Amino acid sequence: MLDKTFDPKTAEPRLYREWEASGAFSPRDDPAAPVFSMAIPPPNITGALHIGHALNATLQDVLTRFARMRGAAALWLPGTDHAGIATQMVVERQLAAEGNIGRRELGREAFVERVWEWKERSGGTIVDQLRRLGASCDWSRQRFTLDEGLSAAVRKVFVTLHKQKLIYRAKRLVNWDPHFQTAISDLEVEQREMDGHYWHFAYPLEDGSGEIVVATTRPETMLGDTAVAVHPGDERYTPLIGKCVRLPIVGRPIPIIADDYADPEKGSGAVKITPAHDFNDFKVGQRHNLPMINIFDPFARVNDNAPAAWRGLDRLAARAKVVAEIEALGLLRGIEPTRHAVPHGDRSGVALEPYLTDQWWVDAKTLAGPAIAAVEDGRTVFEPKNWEKTYFDWLRNIEPWCISRQLWWGHRIPAWHGPDGRVFVAESEAEAKAAALEAYGRDEPLRQDEDVLDTWFSSALWPFSTLGWPERTEDLQRFYPTDTLVTGFDIIFFWVARMMMMGLHFTGEVPFRRVFINALIRDAEGAKMSKSKGNVMDPLALVDAYGADALRFTLTAMSGQARDIKLSTQRIEGYRNFGTKLWNAARFCEINGCVAVEGFDPGAATGTVNRWIAGEAAKASRAVTAALDARAFDEAAGALYRFVWNIYCDWFLELAKPILNGDDEAAKAETRAMAAWVLDLILRLLHPVMPFLTEELWAKTAAAPREGLLIAAAWPDLPESWLDPDADAEIGWLIALVTEVRQLRAETNVPPAARPALALIGAGEATRARLARHRDLIVSLARLGSIEAAPAAPAGSALFVIGEAAAALAIAQHIDLAGETARLGKEIAGHAADIERTTRKLGNPDFVARAPEAVVEENRDRLAEAQNAKARLEAARARLEALA
RNA sequence: GGGCGGCUAGCUCAGUUGGUCAGAGCGCCUGGUUUACACCCAGGAGGUCGGGGGUUCGAACCCCUCGCCGCCCACCA
């Protein structure tokens, strides 16, 4: 006997162990089986599972389990990302918290060792959390972006791209993070609106003939000014072009140059140029061959290129000092408050500094071409498709990708510097040495590049590096390209686009045929969840409270949203109840001896109720299959929910009760077999979304011994031919009749215990036959005393229309004539309004002429029905009034 | 400045190519010890589908426009 409810706490870990031990998570060996493969977006090892991971993992697991049940060799490859900055940050913080010496004092090697220790200890947390959700990943293939194989792939890619001149080293302006003292890529820059000022400074002309006013929000950068630019067509300044101003404070003469960049509309029309500290100025500097004076050290403190008094000052202190001195010099021409965007590091949260340094770059423009083409011609498709626009926009305007980071945790750049500055890029130190020997003709000391690669560099290789590339492994040949990538839109640039570029470049094939973009989860107020806001929902707490299945079902049902999902616990509770509902349906089956019958053919059932549910089952299973095929997860969940609760429980089991309690043994046997068979079907269909509860029921309700686990059971494929229009119409009629009686009873306050008689007036042959077949069912479900066909309505009956007949419920003692007359009046008015509307429509010649015939026909039927119903109710009301 | 979403019942959301008086869950109200289930059952109230205009025989759905809300990209004179 099943317990009263499912207990996820004890069952989930047990079932997960069974799955894992059974080997079901690994793709089946059958070489003839179709292949389904997917690589997980590797979560950061520093991360704890958040609700976004839960959504992402649930959808992937649904796809994987679905494919597996359909017979595919299904591989969902798991792993984690080393997350350069994030991890380094965590361990540095830990060192600080322990009162330990810092990273620098510890030294590179010892520090990296510390990070590895941390990784071994804590890096597996998120993986265990995925297990708790029920993720059926193939853990035997689990990878880590910094493991040996993936590192080899990274070196191979770096060296190859370098040979192809698609990776190069260059001194350029980068986004510099003064907190971490590293370059970061454009994507890691976050613009923040800040209050600031425009300071207007006068720069005196060198010849003393006047001054030129420039404005800036960053006064401190003037220490590095090397020109003032004006627009060539700006007549106010044409006489000054070619002259010099003397840069205040610094005393350096700098030229006034003509450049289109200067906008005569903005400020004074003259703009100070600081090539080493502004991206636009950098370009101007290149055009005019201006000196580029870097005035900051890596901490964004003023360096030795500035006058002695300034050295070592923090940039903000420098700003205040510049303003003060300009003012003291009588050169301050105005201050106005302003709000403007200031770039910040997304990790550090500090204002970034455009900074001139040597970095490694990827020629992203060249790699982007094939990545654009592959989506244009549909080799890879985005779902929903509108994300392709985002993808294209970014790739078509892509800038070189800065891949070097001045960090310690990550893939060290495989480049070795010779004493004369020559660089040897090679997959190993030995190869680099060999190349150096050849180049120099003698042994020279080499120094490996200090930098590591952007974390996303290794992530970009994920779909093929995890399968063993560059070796031509069996896995690579079998599972690449992968089928689907499921991920959030927030990393289309960071990750998806770069995987496309690298995948196409190195394998010649797209890394995945489909990119399914899942929504972002918000809290109930729609705010992005973040730790600082304290609105983070911990999926594990939700699993503890409601079970993994309830959370999974909720996320699946809500996954249709385009942009974000607002999650509320009430919703999860509702789906927990859904699981319990199914559990209890299984209990009902158990109590009533509904067990699987060997050789039972649902398509050959004879009872109307059974033929009907077989058709409904076929309909539902086809709908769920189609929805999952189309990645319409929410539709699949909806179809399952309705079928289980509103069809199977609400009607089929209720209709089965009188049969199961009756004495027609043949009907009983068939109904039992059918109830068991449909339950089995439900378990299969629901398994991808609610794996735990279904697996438990599969084991516990098995009358006949099951072969193996549900996770490895076959997905149902039911023929459309099971849909039986006659059974459908008949049960539809029965349901309508019962519902009408219930409504009428409720409206007229018939006591629940009362058993009124129901008379059908004007029932045709077919209806009488239906009545005869289902008399017991109707009587029991509608709580009637009796139901008979009759020539006329008994006095004191309440009436409604069902099909061609009128139904009279004998409830004289419960109704008052006036009340019932009024009720009928309302009904009649409703039909009258309908008749009016439809008549008007049909009377419109344009409608009849232009609307499709089917629509016109539909309206004619509708009109006839309404007229029929109205006539009957009017007759009933007339009789009532005669009584009064 | 460029782009993308959203605005449908008190709340959270469905509404497929325009075609039965607009749907679900939760919440609310009324009733219920029907031997699977109160994590339940039966019934009910509740919406001028953000505003305006247009196309059409017909618009929540298509077009234009306005208004909010949110996000992405660009922008430190």
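Just add 6 to wherever you are in the first sequence, counting from 1, and you've got the numbering used here.
The beta-carbon is built from N, C-alpha and C at its ideal position, and this holds for glycine as well.
Nothing here was measured: the structure is a model prediction, and the numbers come from that model.
- Residue environment analysis places I51 among the buried positions, since at least 16 neighbouring C-beta atoms fall within 10 angstroms of its C-beta.
- In this structure, the CA atom of W618 is about 44 Å from the CA atom of Y486.
- The beta-bridge partner set that DSSP reports for P360 consists of N181.
- The three-state reading of DSSP puts I404 in coil, since its state is none of H, G, I, E or B.
- Selection M7, G58, D9 evaluated against T493 yields G58 as nearest (Cα-Cα).
- Taking C-beta separations shorter than 8 Å and ignoring five residues to either side along the sequence, the partners of V381 in its chain run V387, F388, E394, Y397, F398, M506, following chain order.
- By the Cβ criterion, the segment 212-219 is not in contact with the segment 344-357, since fewer than three pairs of Cβ atoms, one from each stretch, lie closer than 8 Å.
- Of all alpha-carbon atoms in P608, M200, F639, A720, the one lying nearest the alpha-carbon of A624 is that of P608.
- In the three-state reduction of the DSSP assignment, D201 falls in the strand class, which pools E and B.
- Setting aside the 5 residues that flank it on each side, G791 is surrounded in the same chain by R761, P762, A763, each with a C-beta closer than 7 Å to its C-beta; the list follows chain order.
- L156 is positioned such that its CB atom lies no closer than 8 Å to that of R147.
- In this structure, T131 and A54 form a Cβ contact; the two beta carbons are roughly 6 Å apart against a cut-off of 8 Å.
- The C-alpha of L69 lies about 59 Å from the C-alpha of R448.
- A residue is called buried when at least 16 other Cβ atoms come within 10 angstroms of its Cβ; Y174 does not meet this threshold and is exposed.
- Judged by DSSP secondary structure, V695 falls outside any alpha helix (DSSP H); it is assigned neither H nor E.
- According to DSSP, residue pairing for W367 in a beta bridge involves Y174, C408.
- For the 8 Å CB-CB criterion, D732 and S43 do not form a contact.
- About 6 Å separates the beta carbon of A592 from that of L685, a gap short enough to meet the 8 Å contact definition.
- Ranked by Cα distance from A370, the options A813, L689, D496, K171 are led by K171.
- A440 sits in a helix when the DSSP states are folded into three classes.
- Nearest neighbour of R846 by Cα position, chosen from R866, G831, P476, turns out to be R866.
- With 16 or more neighbouring CB atoms inside 10 Å of its own CB, H780 falls in the buried class.
- Taken through DSSP and simplified to helix, strand or coil, H88 comes out as coil.
- DSSP, read as helix, strand or coil, puts T490 in strand.
- Remark: fewer than three beta-carbon pairs, one from each stretch, lie closer than 8 Å, so the segment 178-197 and the segment 250-262 are not flagged as touching.
- Taking 8 Å as the cut-off, the beta carbon of A282 is found no closer than this to the beta carbon of V308.
- Close CB contacts of T844 within its chain, under the 6 Å cut and outside five residues either way in sequence, are with N865, R868, L869 (chain order).
- Bridge pairing for C250: P261 [DSSP].
- The C-beta distance from R411 to L459 rounds to 7 Å, short enough to meet the 8 Å contact threshold.
- Residue environment for L229: buried (at least 16 other C-beta atoms within 10 angstroms of its C-beta).
- Under DSSP, W82 forms a beta bridge with M44.
- Cβ neighbours of A718 within its own chain (closer than 6 Å, five residues either side excluded): A30.
- Straight across, the Cα-Cα distance linking A795 with E810 is about 13 Å.
- Less than 8 Å divides the Cβ of L193 from the Cβ of F500.
- Taking one beta carbon from each stretch, the segment 543-559 and the segment 625-640 have fewer than 3 pairs nearer than 8 Å; the two do not touch.
- Sixteen is the threshold: since fewer than 16 other Cβ atoms of the shown chains lie within 10 Å of the Cβ of I341, the residue is exposed.
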